[in-house]
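Everything below concerns the one structure shown next.
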């Protein structure tokens, strides 16, 4: 039955996080240090505090020590956090999502017993998924009419060690959370195929190089991970097919979109406040038609984006809704990505425009909101690629 | 609890109407007569057939002979009908919505007893709401920063007749369904204030002039209604405040937006079919990146529009969802109007572009889809006005 | 750098403006609303315009025309289009092929075809390219595909070509007295290498006209179907070399390049009309006790309409100048692409201005929007953009 | 109509292109990434450019400058901006006020201020308009409101004006050697009627520089705060009449109108850079075994980038020509407005082309987008659009 009411639990967690952001994050987030796009330090202390609130373990089942949050709830939390600080939101969202997936679906009971206690115990214990290789060429769009090609072989190889266990060699790049992760799920080619291998951050032969923020264009924390004769116990291989699950964790996820929404919302809130405060032409600028109209457009963008991001989030947890005709057959996460990324970037720019010269100053947050939403717009292979993936579905290639 | 599943009933009614459209409407809708934008005849026979299916009485409570449909269900039906024929959808949506309102909320038991039987019995019994006057000047936006002004006095007056009852004089213009309506709800000034008066179409002194289609820019059926010494029984006045209800029936309603969506969907479906069929450059044009990308954009527009229109429809029936924080505080029907009207017009144009020269031919439906979605884009006072209404809310004027 | 017009250019511009204001504009809306697509053209208007020189404006003076340069052509097209875009196109469609005559016809052909064209005020010219299965392929022939493109077959029989097949959506297909027909003369090679242009008079035996297309806009300007059943066209009517249709025009600015300028200049006229309508309406329509013009959002829209229009004008005149200088660039095509975006946005903004009336849409504003949708197909679809963009990377 | 350049224009364009390619482009990204906003300017570059004549290009030849016309100015600004938009602005900011000197200064003032300006390769000029509470109001003074606008107070004390107050966001506020300062000389009338321009040398007693603004783009070009505490400026440094600041410049093309052209021409340079980057990347980056260029969507984007850029170029050159002819129109302002939309869309499309790299964004592409956001505020916000649009309805 169609119903847009959030549950009492969802409303409560949203309020809690909103208060946390107002009380703990807001002031720190607009410190000039944090507004600097070139190399802002990761606010580790804030992330740890948010962990204490349970936001790191959000998607773990309640009986495993988490909050059992569904994807929509994760979106609510991500939006609130990002309205405070996009990096805090990104690091936590990545760990929370991966935590839900790894401990909830992919690990065996034995593996869970080995890794879960440390994960629960340590507020600084983050997770990372290392799948992208430097030579990865997604190549969607070239020969758009081509038949689906096979995925290229992984260049990161886990070889069976003579004494048992795996020896991993290879490089993974643009791994979100790599610099802060204590456990990596690494896609590897094994003799018999491919799979995800759990590698602790202190495994001998594993090194992480943080990717330079400015050139790197990422949110949160990101690094390159190199494996050189890296020894991993045999029992760390995850069994079963994880391809679908990995897709859920791509950059095109409703949770990432909710982070983008949070950023744009912060820009909007700042602009409305300023519009009521700033007097030019003899009255607060929000009372000028041109500014009022612009803010209305931004407000509409936020509402529309939220509506479709939530729809996509719900679709992640309710895949049968497509089959029963409640939702269209399109890949909902791609739809909401394409539609919201452009709207939200535009929203941030329009909000900043209300600030005049202050919209471009590095000691003010507006320029950062623009930069952040621009990064979301160009994340992964960008909107063009996402649209082509939809086009391929329409054309019936795959 | 957030849930996007349509109910089994909703899915069933959607399928029924979809079948009806495919079997009864589709072929007639693309007859050159119906594609002519200058003066297409109203397909009365089709409307009557749809009435037989119960679509005219959709929103009446079940115990009063209707289907008890909520606003979302009305949207589902409207989209399906409009994907077949926009005029059929418009006439039925107007009668169905008004029926739900008049018989469900506004009429006294006595009034209902008098009018309901004839309404239920006669498949050609339509309803019209006559509120707009030739001199109406909504004037939103002039002195945007002004305090809210009082509504201007109605120029249509119901005077107490010496022998009892009302004598109505005045003109109402752009009254949807006027040419086919058997009962009008007319906003009138009375000695003591204003209210809605029920006037049967055959009341002496009531004349309807159909508004010329070409210059008129409307869907369905539309006319000017003149009252000259028109005698109406005293007991036909509706009691209570109807201002909020009238707002629900304005041109800016999610049901009208769903009709627009149905039109754009028809354009999209035609373009996808054609894209798979038409070969140029050595392959079906859908297999060219440029066309595939365009169709993906159209598909995304439909999904996004549907998502926000449904949200607005649900918000109509669940006003408390704003207060509890499940929805934003913005007027949802305006949000979905602004956002969807532009997207859907663009979608129709893009779909038509795939047809080359055939996209502009009057014996093909594409040009009509463009014209129809353009009318929705410019209905009422247009998007500019709707955005200003939102802006006024943000600025806190009202 | 000099943006000023010389005396001749100004004179033609003035003449066109007067004709447009006094003769075209008063009948434009009425012609638009004629239901029968075969009855929309007003021959009296064509005759009047012809007598003023608009029909034959680009034929050289030596050959009996007026020999106006490309800048003047752009100015005249825009002025006429401001009153009625389709009427403007009716005249300039004659120019398109006048250009080809002067660029590619032999003296003998000029003698045979130009003279009657110049003498008869109702003699309009037509093209003949598009076919049912050759739309985009006509514009961007797929390399190496011998099945694609024009299929109207021409076979040599003595000193005649014998034609069989059909053409669709042909400009002036139902009224032109002379056509420039693209026929396939070699099916063993791709279309681009096996197509020939023939001059086909209306009284060609075996040629008949099919239906007249009923368009949503551009109604004054008619399109029709052409049918050829063993139609016989003298070899003497062939333009250029056999199989050389798509190679003609290289090194000149006729045909394709004129067509690009033509659409851009015509769109400019529609934009001018929209700007004028919007300003006029915003000043005369009172809402809330004040003219609409007083509203910021109205001013912003009218500012944007003018901004887009003046940018297009600047680009159109640059392209026209380049044509006069025989400079080849991607500008003509890019300006044509741009004119699509511009004319559609500007006419849409004009509709928005008219929204403030709160009721029925102004018919004039509606017509401009309908007319401008034609650009999607002619000037701005992905094929017309890829065709131009492809040249940038070369 | 003539779009060609004369020899002098071509020569300056070539000289600017060479300087941009050889001197500016190699250091542009490095200057952009200097964290301290006071350290971003490269004085060696300024000196080199000055020696080539770029700093003093618009001072008349008689007065010791180069006297280049507006068309040349537009060409030079675009060429320099192609390598670094902010560096180009650093030079042209000097032109803006050179124009004012020649339009409004007395011979005595020219003697006193032009000579040192011409002699010193590091002598850059600054404005001084915006204040904390006068942003939009400076651009569009609200009629009749005596509280709005510039509040920096100047009071007459013998033959000196005594200044108290602050200026914000002042171009070259921290480095200029001479400022053109807008001061309020009458608080009993609206700003537009009570403001005077003073020439303020950097060593004026009572003047001190405040913070240097840290901008997200345009980093080479610096902005600072100015503080005046009983600062004394000789009455002899006043430009034009007392209270006549906003009436100067009427009838000439300096100041405001040059500023409009300046932003439009500078944006054109960024667009050129973006088009070049996109084409280069699309040809060199291979995906799926083929250059990106082979993809239709890539071609469409590059086509659109070029289309928008060439339309802007056409409009910019038309505006420059109008300035040279002393023709007044809304074109300068509309071209400036348009340059905002164009430069932002074109640089955004360039980012989209670079998306295909699938990873980190190209720093050069990112810089172009950051630089172009400055236009929102300077050239394309609602105030800058209403200011121009308002003239259309007059």
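Chains as they are written, first to last, in this note's numbering: chain A, 1408 to 1805; chain B, 1408 to 1805; chain C, 908 to 1301; chain D, 908 to 1301. By construction, the Cβ of each residue, glycine as well, lies at the ideal position given by its N, Cα and C atoms. These numbers were taken from a predicted model, which means no experiment stands behind them.
- The stretch 1731-1740 of chain B and the stretch 1424-1431 of chain A do not touch, with fewer than 3 CB-CB distances between them shorter than 8 Å.
- Within chain B, the residues placing a beta-carbon under 8 Å from that of residue 1204 of chain D are 1696, 1697 and 1700, ordered along the chain.
- Here residue 1216 of chain C is not near residue 1258 of chain C, since their CB atoms are 9 Å or more apart.
- Between residue 1630 of chain B and residue 1113 of chain C, the alpha-carbon positions lie close to 52 Å from each other.
- Residue 1411 of chain A is outside the set of residues whose beta carbon lies under 9 Å from a beta carbon in chain D.
- For residue 1608 of chain A, there is no enclosing alpha helix (DSSP H), as DSSP marks it with neither H nor E.
- Under a 10 Å Cβ-count criterion, residue 1226 of chain D is classified as buried, with 16 or more other Cβ atoms of the shown protein chains found around its own Cβ.
- Here residue 1458 of chain A carries a helix assignment [DSSP, helix/strand/coil].
- As computed with DSSP, residue 1135 of chain D is found in a beta bridge with D/1072 and D/1114.
- DSSP places residue 1680 of chain B within a helical segment (H, G or I) once states are collapsed to three.
- Residue 1601 of chain A is bridged by DSSP to A/1596.
- The CB of residue 1207 of chain D comes closer than 7 Å to the CB of 1697 in chain B, given here in chain order.
- Under the three-state reduction of DSSP, residue 1083 of chain D is assigned to coil, being neither helix nor strand.
- The shortest CA-to-CA distance from residue 1409 of chain A to any of B/1730, B/1758 and B/1725 is the one to B/1725.
- Partner residues in the beta bridge of residue 1768 of chain B, as assigned by DSSP, are C/1122.
- Note on geometry: alpha-carbon atoms of residue 1665 of chain A and residue 1745 of chain A lie some 13 Å from one another.
- Look at residue 1290 of chain D: its C-beta is under 9 Å from a C-beta on chain A.
- Taking a 10 Å sphere around the C-beta of residue 1512 of chain A, we find fewer than 16 other C-beta atoms and assign the residue as exposed.
- Straight across, the Cα-Cα distance linking residue 1012 of chain D with residue 919 of chain D is about 27 Å.
- The shortest C-alpha to C-alpha distance from residue 1288 of chain D to any of D/1271, D/1251 and D/1136 is the one to D/1251.
- Put simply, of B/1787, B/1685 and B/1758 the residue whose alpha carbon is nearest the alpha carbon of residue 1700 of chain B is B/1758.
- Collapsing the DSSP output to three states places residue 1298 of chain D in a helix.
- DSSP, reduced to helix, strand and coil, places residue 1430 of chain A within a helical segment of the structure shown.
- Counting C-beta pairs closer than 8 Å gives fewer than three between the stretch 1289-1300 of chain D and the stretch 1263-1281 of chain D, which falls short of the contact rule.
- Beyond the five residues adjoining it in sequence on each side, residue 990 of chain D comes within less than 7 Å, by CB distance, of 927, 928, 931, 932 and 935 in the same chain, given in chain order.
- Straight through space, the alpha carbons of residue 1177 of chain C and residue 952 of chain C are spaced by roughly 19 Å.
- Contact of residue 1215 of chain D with chain C is assigned, a C-beta pair being separated by under 9 Å.
- For the pair residue 1219 of chain C and residue 1246 of chain C, the CB atoms are nearer than the 9 Å cut-off.
- Residue contact with chain D for residue 1785 of chain A: present (Cβ-Cβ distance below 9 Å to some residue of chain D).
- Taking the C-beta atoms as reference points, residue 1076 of chain D is found no nearer than 9 Å to residue 1033 of chain D.
- Taken through DSSP and simplified to helix, strand or coil, residue 1012 of chain D comes out as coil.
- Assignment of beta-bridge partners to residue 1633 of chain B by DSSP yields B/1578 and B/1614.
- Beyond the five residues adjoining it in sequence on each side, residue 1670 of chain A comes within less than 8 Å, by CB distance, of 1489, 1490, 1493, 1751, 1755, 1776, 1779, 1780 and 1783 in the same chain, given in chain order.
- Neighbours of residue 1770 of chain B across chain C, judged by C-beta separation under 9 Å: 1120 and 1121.
- Comparing alpha-carbon positions, the option among D/1228, D/1137 and D/1129 lying closest to residue 1060 of chain D turns out to be D/1137.
- Only buried fits residue 988 of chain D, as 16 or more other CB atoms lie within 10 angstroms of its CB.
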